[in-house]
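Remarks on the structure that follows.
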Amino acid sequence: MQHAVDAHRLHFAFTITFHYIFPQLTMGLALLLVYLKTKALRTGDDHYNRAARFWGKIFGINFAMGVVTGIPMEFQFGTNWAEFSKSAGGVIGQTLAMEGVFSFFLESSFLGVFLFGEQKLGRIGHWWSAFLVWLGSWLSGYFIVATDAWMQHPVAYHVGANGRIELASFWGLLLNKWALWQYAHTMLGAVQTGCFVMAAVGAFYLLTHRDEVYGRTFVKGGVLVGVVAAVLQLYPTGDAQGKLVATQQPVTLAAMEGLFQSEQGAPLAILGQPDVDQRKLDNPMEIPRMLSFLTYQKWKANIQGLNDFPQDLWPDRIEMLYYSYHIMVGLGTIFIAVMGLAALQLWRGKLFKSRWMLWLLMLSVPLPYIANTAGWITAEIGRQPWLIYGLMRTTQGSSPRVSAGSVWFTLIGFMGMYSVLAILWLFLSWREVELGPEHTGHLPGPALADSDD
Amino acid sequence: MGTLWFWLVALMIAVYVLLDGFDLGAGAIHLVIARSDEERKQVLSSIGPVWNGNEVWLIATGGVLYFAFPALYASGFSGFYLPLMIVLWLLILRGIAIEFRDHIHSEVWDPVWDFLFCASSLLLCVFFGAALGNVIRGVPLDASGYFFEPLWTDFQIGTETGILDWYTLLVGLLALAALIVHGALWLVVKTTGAVHDRSLRIARLAWWLVAALTIAVTITSFRVQPAIAQHFRSAPWGYVFPLFAIAGLAGVRWAMARGYEWNSFVAAGCYLAGMLLSAVFGIFPMVLPARNAAYSLTIENTQAGRYGLTIGLIWWILGVFLVTGYFIFVYRSSAGKVPLEKHVDS
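Here the protein sequences come in this chain order: A and B. Numbering of the first sequence is given in the working numbering, commencing with residue 1 and proceeding in unit increments. Numbering of the second sequence is given in the working numbering, commencing with residue 1001 and proceeding in unit increments.
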């Protein structure tokens, strides 16, 4: 049984990790497309429209990847996590169904309009189509985060006579305080991916002396939005998220920080390797008392260590949790530095000539993907050993009749297929960047299936 | 409340079959009816602006099924684990085939996606039909409310059934033939020239296959699932569904003979909806019949709590209004026939 549960976990982890490469970019880019279209409207400068068309192409590739890798996610609640779905479907089915009804239809309808209907819609109409694509993708994000937030911090439910978990308050579910902070934090992460990608492509053009008008627009847009997002990512959203973990999931906080022994005035570990068997952190590089201060604003506040909790309440992959959390926070700090420096250079009017800064921006492009992924791993491993925090353990949630053999069969299938998809995605995305906005930015005809003319 | 949601889910499935049905059917005959690159682009353009929105009906229906009947969702999806995963792979291949083909124009690029688009569409039609066949025939549920079906066992209808047996394959073939007619008639409506003419010819031919298979599937369904006959006897108003299907099937022939393109497409939709709802009506109030009738899943033992179902109704109605608005907008802005583009520069 444990054997099968591990396979089910790996199945979900693999497919969701691959899937989230795409929405984090499209959600971030959607906002930047609205930015470009707004600039075009306000300045009347057509190169913003061309820039929006160019990013529309990249958006289209990533959106298609997000759609095809997203469908398996909803299916897997039933195929792989049947016991969980049977118990909790009445609650989390609500948010998942609302995502389909309120966001997927909106996104899929207006993306086509955005990509092919520019001539027909006119300037204002086209701005609206970009806006509705943004709205759809951000709504989608909310429903998914609200679903995850309920698993992290279940609210607004009661347990029915048949043992199934039933919804008790619709607004309680949607306005779960965990969801609000987690959503803000998640979306800022997506915005940063969008900003770093846009700035990196711009930096590439400037460094190679081609499409420089666009290069400047991309670097400027990416840095301006990116610096704001990078700061908000840390404070207040990251801070608030951390405090929720501290009060609601104290054992998770201890594991994330690698804190085994409870301490008054606990230090913040910057580096170090947790040795779970010996219950200690090797080679620690620490800032004294910092963890207590960050958590409770008191230098001497008591932080509970893992030793204070029975071992069957510990997250079952402490090392992974510790490292993913530290990678996320470390990269988040680096983003503030990189974007802050770039913004400073922009303000001084030196950014477009500053080759080292452009190199830095270009080479940073994989980092936000890593940070976003590490953040989600922190959230999901941190929730262990619970599937629904405090209510249902992960080992109780999988499909009782689906064998480990079946799961490995489909997992290997997904791995093979996603490898091919990843190659195609890189190849097509690179090709669009290589062709450049001058090439792809020409105005597309009216909707293909159009006979008015 | 559960009964209301039963019919709302049935309605959503019917809308999915009507909408995604035509682009799946068009895909299944893609390689046959469109020979040159221009013709293939014509087929893809006719579904390009709408296929993704159509497919969203599948996701939305899955979501609604999940929250309204969680125990059915859990049991059905885990029991149909293998075929559902295959369906997912086919949906992935089909989605990227449609979306990625246009990025590059090359004699080694295009045929790959054309083939994948056609093959995945065709197999999806068969699998969706076989899935419906499985639901009608019943699955080997046990007292725990779960089951697991292998892809096939001995192709017989015993107690240990597989996904594929002679009956579910027959339903799969009917689904393929019916969706080919539906998709071909969509192309008749949306295209001109050679694609239009070939589609019409295919629709005419496949119609006979649909008529023959409809008779075969109807007769065998009554034998395979005795509950159907019982329910029709106890509630004879349900005969409106099969009558609707027969009228649709006859309407297709009638409209094709007179060259009414839209009417024939709509009639094909009536046929599909009539057949699907007949099946759904037949198994009501079961939502997933078991081979051993004592273990069948019903509305009663799978529905979610009353509060959730009531609140869901409010946002569902609001959502459906919005979605109807989007669809009218999108279909209107891509209305009319797709011309054959002579020279395409990419």
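Even for Gly, the Cβ is constructed at its ideal location relative to N, Cα and C.
Three or more Cβ pairs closer than 8 Å define a contact, and the region 119 to 135 of chain A falls short of that threshold against the region 149 to 159 of chain A. DSSP places tyrosine 157(A) in the uninterrupted beta strand (DSSP E) bounded by 157 to 159. Residue pairing for methionine 1286(B): DSSP places it in a beta bridge opposite Thr1298(B). Proximity of chain A to alanine 1294(B) at the Cβ level (cut-off 8 Å) is not reached, the minimal Cβ distance being about 18 Å. Per the coordinates, the alpha-carbon of serine 1334(B) lies some 26 Å from the alpha-carbon of histidine 439(A).
The shortest CA-to-CA distance from tyrosine 1167(B) to any of Lys1190(B), Ile1096(B), Ala1229(B) and Phe1127(B) is the one to Phe1127(B). At least 8 Å separates the CB of valine 1188(B) from every CB of chain A. Assigned with DSSP and collapsed to three states, tryptophan 1152(B) falls in strand.
Where glutamate 286(A) is concerned, the enclosing beta strand (DSSP E) starts and stops at 280 to 287.
Around the beta carbon of glutamate 1107(B), fewer than 16 other beta carbons sit within 10 angstroms, so the residue counts as exposed. At a cut-off of 8 Å between beta carbons, threonine 410(A) contacts chain B.
Pairing valine 1135(B) with leucine 1082(B), the inter-Cα distance amounts to about 15 Å. Per DSSP, the continuous beta strand (DSSP E) segment holding glutamate 166(A) begins and ends at 165 to 167.
If you compare the alpha carbons of Lys1190(B), Asp1165(B), Leu1164(B) and Gly1079(B) with that of aspartate 1023(B), the shortest gap goes to Lys1190(B).
For methionine 1256(B) and isoleucine 1283(B), the gap between their C-alpha atoms comes out near 33 Å. A straight line joining the alpha-carbon of serine 169(A) with that of tyrosine 1066(B) spans about 18 Å.
Scanning its chain for C-beta atoms nearer than 7 Å, with the 5 sequence neighbours on each side dropped, one finds around glutamine 304(A) the residues Pro250, Ala254 and Ser262, in chain order. Identification of residues in the region 85 to 97 of chain A having a C-beta nearer than 9 Å to some C-beta of chain B yields Ser85, Lys86, Ser87, Ala88, Gly89, Gly90, Val91, Ile92, Gly93, Gln94, Thr95, Leu96 and Ala97, given in sequence order. Taking a Cβ-Cβ threshold of 8 Å, the residues of chain A close to glycine 1079(B) are Arg401, in chain order.
Judged by beta-carbon spacing, leucine 1309(B) lies beyond the 8 Å limit of leucine 1297(B), meaning their Cβ atoms are not closer than that value. Taking isoleucine 165(A) as reference, the option from Thr95(A), Val101(A), Gly332(A) and Gly90(A) with the minimal CA-CA separation is Gly90(A). Note: glutamate 263(A) is bridge-paired with Ile303(A) in the DSSP secondary-structure output. In the displayed model, proline 1111(B) falls within a helix according to three-state DSSP.
Between the region 170 to 185 of chain A and the region 408 to 421 of chain A there are fewer than three inter-stretch CB-CB distances shorter than 8 Å, so the stretches are not counted as touching. Membership of alanine 269(A) in the beta strand (DSSP E) is indicated by the continuous run 268 to 275.
The C-beta distance from leucine 271(A) to methionine 285(A) rounds to 4 Å, short enough to meet the 8 Å contact threshold. Between the alpha carbons of glycine 202(A) and alanine 422(A) lies a distance of about 23 Å.
For histidine 1182(B), the closest C-alpha among the options Ala1194(B), Leu1170(B) and Trp1207(B) is that of Trp1207(B). For leucine 1185(B), the uninterrupted alpha helix (DSSP H) segment begins and ends at 1166 to 1190.
Taking 8 Å as the threshold, the shortest C-beta distance from phenylalanine 1067(B) to chain A falls below it.
In the structure shown, the three-state DSSP call for leucine 313(A) is helix. Chain-order list of chain A residues neighbouring leucine 1084(B): Phe75 and Thr79, by C-beta distance under 7 Å. Contact between proline 288(A) and glutamate 83(A) is ruled out by a C-beta separation of about 46 Å, above the 8 Å threshold. The three-state reading of DSSP puts arginine 1204(B) in helix, counting H, G and I together. Comparing alpha-carbon positions, the option among Val223(A), Phe59(A) and Asn49(A) lying closest to isoleucine 21(A) turns out to be Phe59(A). In the structure shown, the three-state DSSP call for arginine 348(A) is coil.
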